[in-house]
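One structure is given here, and the rest of the page talks about it.
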Amino acid sequence: MLNNIRSKQIIIIGAIVLLGAFLFTRDIKGLVKPKEQTTNVPAAGQMTSETPQPISLEEVSASGKTLISPNFAAEITSLENTFKASPDKVAAAKVLAQKWDDVEQSAPSALYLEIIANQEKTLASWLITGDRFLKAFDNSRDSILQPALLQRANAAYTNAVSIDSTSADAKTGLGITIVNGMGMPMKGIALLMDVVKKDPKNLKANMSLGTFAIKSGQFDKAIIRFNNIIAIKPTPDAYFYLATAYESLGKNTDAIDAYLKSKKLAANPKLSKFIDDKVLELKSKN
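Residue numbers -7 to 278, in our numbering, belong to the letters of the sequence shown in order.
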């Protein structure tokens, strides 16, 4: 019985990682065995250091350039040289952050946004820095880089909360980083619950609570959470998570319906193929 539950947990978490790749990169790079994927995800409560670990901007930039066209890489190299020589680092960093965003490379963008935030020290600058580090964390499959990205996101949101302790975006971001490994999960859950209590329609906080419910095996709670989210705003990811929760409870008919709605809303060929295969698998069990 316990082995079956653990197997379901691994499958569900693997599906979540797969969808995360789709949502953040707008493409599925390929199906990776769930066990392989989960080895790169920090365990809840694993990282407790409040001091952000060093990340080499040069190394992240070099890695990012291998994922974009040579023309864009050359343009960024030119902008980096301008940044190094510029007396106005903030202005030059803003140009580079935007350029890295344009080519959907979140990690180098986040590092330049952090440079800006350290100078401007505003709520808005720390929030966008945290968001970009969190996006980079979700996109990364580098087991060494991931914890450092999460720590930097946590630090950015901590700075945002120190500026405005009532900011729902700051508390949500901070809660997400804690749940993902920067402390005791229940502390992060408490922050997210506080946001939802004050703003029941806060999609980001609700989505985070729903995905945590799936990861922790609380599938009934996840179903309630994602149905509530869909009532606010139907999205492909909400339907996908709902489907995985139904599937884990053996409610295959409901799972199929949710998977197909996710497929229709996403309109992504690779995700569609994954869902088609999943639907065939579930139908064979009915």
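Note that beta-carbon positions come from the ideal geometry of N, C-alpha and C, so glycine has one too.
Collapsing the DSSP output to three states places Gln210 in coil. Here Ile47 is buried: its Cβ has 16 or more other Cβ atoms, across all protein chains shown, within 10 Å. At the C-beta level, Ile60 and Leu88 stay beyond 9 Å of one another. Around the Cβ of Gly165, a 10 Å sphere holds 16 or more other Cβ atoms; the residue is buried. The residue among Lys81, Phe75, Ala237 and Ile181 with its C-alpha nearest the C-alpha of Gln111 is Lys81.
Counting along the chain, Met185 sits inside the alpha helix (DSSP H) bounded by residues Pro177 to Lys190. Comparing alpha carbon positions, the residue from Ala259, Ala85 and Leu234 closest to Ile107 is Ala85. For Thr114, there is no enclosing alpha helix (DSSP H), since its DSSP letter is neither H nor E.
When rounded, the separation of the alpha-carbon atoms in Met174 and Asn244 is 35 Å. Membership of Asn151 in the alpha helix (DSSP H) is indicated by the continuous run Leu137 to Ile155.
Taking C-alpha positions only, Ile120 is separated from Leu105 by approximately 7 Å. Separation of Leu137 and Ser264 (C-alpha to C-alpha, rounded to the nearest whole angstrom) is 30 Å. Counting C-beta atoms within 10 angstroms of its own C-beta, Asn278 has fewer than 16 neighbours from the protein chains shown and is therefore classed as exposed.
Leu241 sits away from Val271, with the two beta carbons spaced by 9 Å or more. Along the segment 208 to 250, the alpha helix (DSSP H) occurs as fully enclosed runs of 4 or more residues at 211 to 224 and 228 to 240, listed in sequence order. Taken through DSSP and simplified to helix, strand or coil, Glu106 comes out as helix.
Per the coordinates, the alpha-carbon of Ala205 lies some 34 Å from the alpha-carbon of Ser55. Contact between Gly122 and Ala145 holds, since their C-beta atoms are separated by about 5 Å, short of 8 Å. Going by beta carbons, Lys163 and Leu184 fall inside the 9 Å limit. Taking 9 Å as the cut-off, the beta carbon of Ser101 is found no closer than this to the beta carbon of Ala65.
If you draw a straight line from the Cα of Met176 to the Cα of Pro79, it comes to about 42 Å.
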